[in-house]
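Have a look at the structure below, then the notes.
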Amino acid sequence: MNRDEILRDVEKLLREVLSTQAEIKPETRLEADLAIDSLRAMELLAAVEDHFDISIPINVLNEVQTVEDLVDQIQKLLAEG
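So this is what it looks like as structure tokens:
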């Protein structure tokens, strides 16, 4: 799965979890721009893990500030298998 496919899927998951029509770009900040709170973050995490069949370590969430950060983490975990 390439980076563009991951980004497209992450955007779709964000729209589903947040029920938003807001513009979502790689530089979109999850907390500041999309107002993701801890509960929504956990919902998003579960949706991402299910969709991509990966397990994201909880400590990684501290490093994820933007949509691009999330895509980077997913891509890294997919590459690790």
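Position 4 of the sequence shown, counted from 1, bears residue number 20 in this note's numbering, the numbering being contiguous throughout.
By construction, the Cβ of each residue, glycine as well, lies at the ideal position given by its N, Cα and C atoms.
Residues bridged to Thr82 [DSSP beta-bridge criterion] | Sequence index remark: in the sequence shown, residue 82 carries index 66 (1-based). DSSP output for Thr82 lists Arg45 as bridge partner(s).
CB-CB under 7 Å to Asp25, same chain, minus the five flanking residues each way: which ones, in chain order?
-> In the sequence shown, the residue the question calls residue 25 occupies position 9. The residues are His67.
Distance between Ile40 and Glu27 (C-alpha atoms, nearest Å) | As a first step, residue 27 is located in the sequence shown; it is residue number 11 there, counting from the start. As a first step, residue 40 is located in the sequence shown; it is residue number 24 there, counting from the start. Their backbone Cα atoms lie some 6 Å apart in a straight line.
If Arg19 and Val87 are in contact, beta carbons under 8 Å, what's the gap, nearest whole angstrom?
-> The sequence position of residue 19 within the sequence shown is 3, counting from 1. The sequence position of residue 87 within the sequence shown is 71, counting from 1. Confirmed, about 7 Å.
Tell me where the alpha helix (DSSP H) around Ser54 begins and ends.
-> Here residue 54 corresponds to residue number 38 of the sequence shown, with the count starting at 1. First-last of the alpha helix (DSSP H) with Ser54: Ser54 to Phe68.
Could you check if Leu23 is buried or exposed, using at least 16 other CB atoms within 10 Å of its CB as the buried criterion?
-> Within the sequence shown, residue 23 is the residue found at index 7, counting from 1. Per the 10 Å Cβ criterion, buried.
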